[in-house]
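*Asks:* The listed protein sequences derive, respectively, from chains A and B.
Straight run, no breaks: the first sequence in the working numbering ends on number 155.
Straight run, no breaks: the second sequence in the working numbering ends on number 155.
Beta carbons are placed, not taken as given, at the ideal position from N, Cα and C, and that holds for glycine.
There's a structure below that I have some questions on.
2 protein chains.
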Amino acid sequence: MSDNKTSDLRMLFALFNEIGIIEQLSRTLFEGRLPKGVLVSHFSVLNHLSRLGDGRTPLDIARAFQVPKTTLSHTLSLLEKRGWIEMRPNPADKRSKLVYLTDAGRTFRETAIDSLAPDMAAMADHLNLGDIEAMLPKLAEIRSYLDRARDAAGT
Amino acid sequence: MSDNKTSDLRMLFALFNEIGIIEQLSRTLFEGRLPKGVLVSHFSVLNHLSRLGDGRTPLDIARAFQVPKTTLSHTLSLLEKRGWIEMRPNPADKRSKLVYLTDAGRTFRETAIDSLAPDMAAMADHLNLGDIEAMLPKLAEIRSYLDRARDAAGT
DNA sequence: CTAGTTTGGTACGATGTCGCACTACTTATA
DNA sequence: TATAAGTAGTGCGACATCGTACCAAACTAG
């Protein structure tokens, strides 16, 4: 009984440990390919807007990445300073804003993807993509659980 | 052909995206259970030393977590300030130091694990541990690949 | 042995992250 | 409609992370 519990606990620790290290390594790797001063968090926002459509509110984006809104606010201000996004008023809610990609933003995303592509291609060669595909729904499930647990954390 | 490539790329983006969000959520969740001012990075170091044995050099530990040595140096100084670790000279290399857990450090680790246990237990109830167990070697493989890619990045 | 190179660790500065507090607006309630 | 409660976004301060530069010790080559 308690043996099972401790082994469960060990396994979960191992999981989050691996995930933490992979996050660390992949972030460092990708940031090494991006122009100086551009972080993965910046690219991710541009990519998100491009893939899922722009015209979203900052809070929508913050929730998508599960980061505090103040963090995203900072990121957006940098993206705007670089001319990659544009903040427009939200006609539906005067407190709110809508985030739009500029042409420069779309262009930057494309070139960034191009500079990441060789690494990605190498990964695709060396890793088992079938395994990764199979893993994605399991990871999404873990993500979703943590998301719910976070909401319940006020308890 | 190029369709496959772009779908591979999409899949890898999705993977790192999920991993980033899970890292984010789990870190926030765990840090909410730790005493104010104690971060997951601190706990992880104590846990590492306890599980794999202390008397390691800072650089060993930095490599284990794949963080820059300056980051670990900062973390260790905080742990030392709290009396949870002890830095002793390395008899084998006068430039180097060895990191040892103190009794207070071991005790803190235990209580921290206890305070994390309820969340972990809930996860163990709601997640499929078999899936996670199966995922661990795949994640380790990805980690290992990224590790090698990092070393080759100087190329 | 000595000079040049490599390695372990730290100091310092820049910057991203994030909690707190606040304002402006919206929604719910009476 | 008026008042209270909730929500979107930002300013600010604290601090972790990390790159650069540096020192001291260890290794390597001649």
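1. Kindly indicate which residue of 66(B), 59(B), 122(B) has the alpha-carbon position closest to the one of residue 93(B).
2. Shorter than 8 Å from the beta carbon of residue 63(A) to some beta carbon of chain B?
3. Against chain A, does residue 31(B) count as a neighbour if the rule is that its beta carbon must be under 8 Å from one of theirs?
4. What's the C-alpha gap between residue 133(A) and residue 16(A)?
5. If you drop the 5 nearest sequence neighbours on each side, which residues of the same chain put their C-beta closer than 8 Å to that of residue 127(A)?
6. Tell me, to the nearest whole angstrom, how far the beta carbon of residue 49(A) is from that of residue 101(A); I am working on the premise that it is less than 8 Å.
7. So, do the region 17-26 of chain A and the region 128-148 of chain B have three or more beta carbon pairs nearer to each other than 8 Å?
8. Sort out for me which residues DSSP pairs residue 86(B) with in a bridge.
9. Is any beta-carbon of chain A found at less than 8 Å from that of residue 76(B)?
10. Under 8 Å, Cβ to Cβ, is there at least one residue of chain A near residue 100(B)?
11. Give the range of the alpha helix (DSSP H) segment to which residue 47(A) is assigned.
12. Hey, quick one: how far does the alpha helix (DSSP H) through residue 95(A) stretch, first residue to last?
13. Whose C-alpha, out of 119(B), 14(B), 40(B), is nearest the C-alpha of residue 8(A)?
14. Over what stretch of residues does the alpha helix (DSSP H) that includes residue 81(A) continue unbroken?
15. Under a Cβ-count criterion, where at least 16 other Cβ atoms within 10 Å of its own Cβ denotes burial, should residue 52(B) be classed as buried or exposed?
16. Listing by chain order, which chain B residues have their CB less than 7 Å from the CB of residue 129(A)?
17. Cβ closer than 9 Å: which chain A residues qualify as neighbours of residue 147(B)?
18. Run down chain A in chain order and give the residues with a C-beta less than 8 Å from the C-beta of residue 138(B).
19. Rounded to whole angstroms, what is the Cα-Cα separation between residue 103(A) and residue 73(B)?
20. Could you tell me the distance, in whole angstroms, from the CA atom of residue 22(A) to the CA atom of residue 95(B)?
21. For the alpha helix (DSSP H) containing residue 59(B), name the first residue and the last one.
22. For residue 155(B), which residues in the same chain have their Cβ closer than 7 Å to its Cβ, ignoring the five residues on either side in sequence?
23. Output yes if chain A places a C-beta closer than 8 Å to the C-beta of residue 43(B); else output no.
24. Tell me which same chain residues have a C-beta within less than 8 Å of the C-beta of residue 30(A), skipping the five on either side of it?
25. Give me, in chain order, the residues of the same chain whose beta-carbon lies closer than 7 Å to that of residue 106(A); leave out the 5 immediate sequence neighbours on both sides.
26. What would DSSP say about residue 12(A), mapped onto helix, strand or coil?
*Replies:* Inspection of the coordinates gives the following:
1. Indexing the second sequence from 1 puts residue 93(B) at position 93. That would be 59(B), whose Cα lies nearest to the Cα of residue 93(B).
2. The residue you call residue 63(A) lines up with position 63 of the first sequence. Chain B contact via Cβ: absent.
3. Residue numbering aside, residue 31(B) sits at position 31 when the second sequence is read from its first letter. Not closer than 8 Å to any Cβ of chain A, the Cβ of residue 31(B) fails to qualify, so no.
4. Within the first sequence, the letter at position 133 stands for residue 133(A). Within the first sequence, the letter at position 16 stands for residue 16(A). Each residue's alpha carbon lies about 19 Å from the other.
5. Taking the first residue of the first sequence as position 1, residue 127(A) is located at position 127. Around residue 127(A): no qualifying Cβ.
6. Here the question's residue 49(A) lines up with position 49 in the first sequence. Here the question's residue 101(A) lines up with position 101 in the first sequence. Between residue 101(A) and residue 49(A) the Cβ distance is about 5 Å, and since that is below 8 Å, they are a contact.
7. yes
8. Within the second sequence, residue 86(B) is the residue found at index 86, counting from 1. Note: residue 86(B) sits in a beta bridge opposite 100(B).
9. Locating residue 76(B) in the second sequence gives position 76, counting from the first residue. Output row for residue 76(B): interface = no.
10. On the second sequence, position 100 is the one that residue 100(B) refers to. So no, residue 100(B) is outside the interface.
11. Counting from one through the first sequence, the residue named residue 47(A) turns up at place 47. Segment 40-52, the alpha helix (DSSP H) holding residue 47(A).
12. Taking the first residue of the first sequence as 1, we reach residue 95(A) at position 95. Element bounds for residue 95(A): n/a, residue is neither H nor E.
13. Counted from its first residue, the first sequence places residue 8(A) at position 8. Here the closest residue by C-alpha is 119(B).
14. Here residue 81(A) corresponds to residue number 81 of the first sequence, with the count starting at 1. Element bounds for residue 81(A): 69-81.
15. To locate residue 52(B), count along the second sequence from 1; it is residue 52. Classification for residue 52(B): exposed.
16. Working through the first sequence from its first residue, we reach residue 129(A) at position 129. Correct list: 8, 11.
17. Mapped onto the second sequence, residue 147(B) falls at position 147. The contacting residues are 21, 25.
18. Here residue 138(B) corresponds to residue number 138 of the second sequence, with the count starting at 1. Chain A residues near residue 138(B): 128, 131, 132, 135.
19. As a first step, residue 103(A) must be located in the first sequence, where it is residue number 103. As a first step, residue 73(B) must be located in the second sequence, where it is residue number 73. Their backbone Cα atoms lie some 43 Å apart in a straight line.
20. Numbered from its first residue, the first sequence carries residue 22(A) at position 22. Numbered from its first residue, the second sequence carries residue 95(B) at position 95. Roughly 30 Å between the two C-alpha positions.
21. Position 59 of the second sequence, counted from the start, is the residue given in the question as residue 59(B). Residues 58-65.
22. As a working note, residue 155(B) is residue 155 in the second sequence. With a pLDDT of 38 at residue 155(B), under the threshold of 50, the modelled position of this residue cannot be trusted; read the value that follows with caution. For residue 155(B), where only same-chain residues beyond five positions count, there are no Cβ hits under 7 Å.
23. To locate residue 43(B), count along the second sequence from 1; it is residue 43. Cβ-Cβ to chain A under 8 Å: no for residue 43(B).
24. Counting from 1 along the first sequence, the entry for residue 30(A) is found at position 30. Counting only Cβ-Cβ distances below 8 Å, and skipping sequence neighbours, we find 40, 43, 116, 119.
25. Reading the first sequence from its first residue, position 106 is the one you call residue 106(A). A distance below 7 Å between beta-carbons, with the five flanking residues on each side excluded, links residue 106(A) to the following residues of its chain, in chain order: 50.
26. Numbered from its first residue, the first sequence carries residue 12(A) at position 12. Helix.
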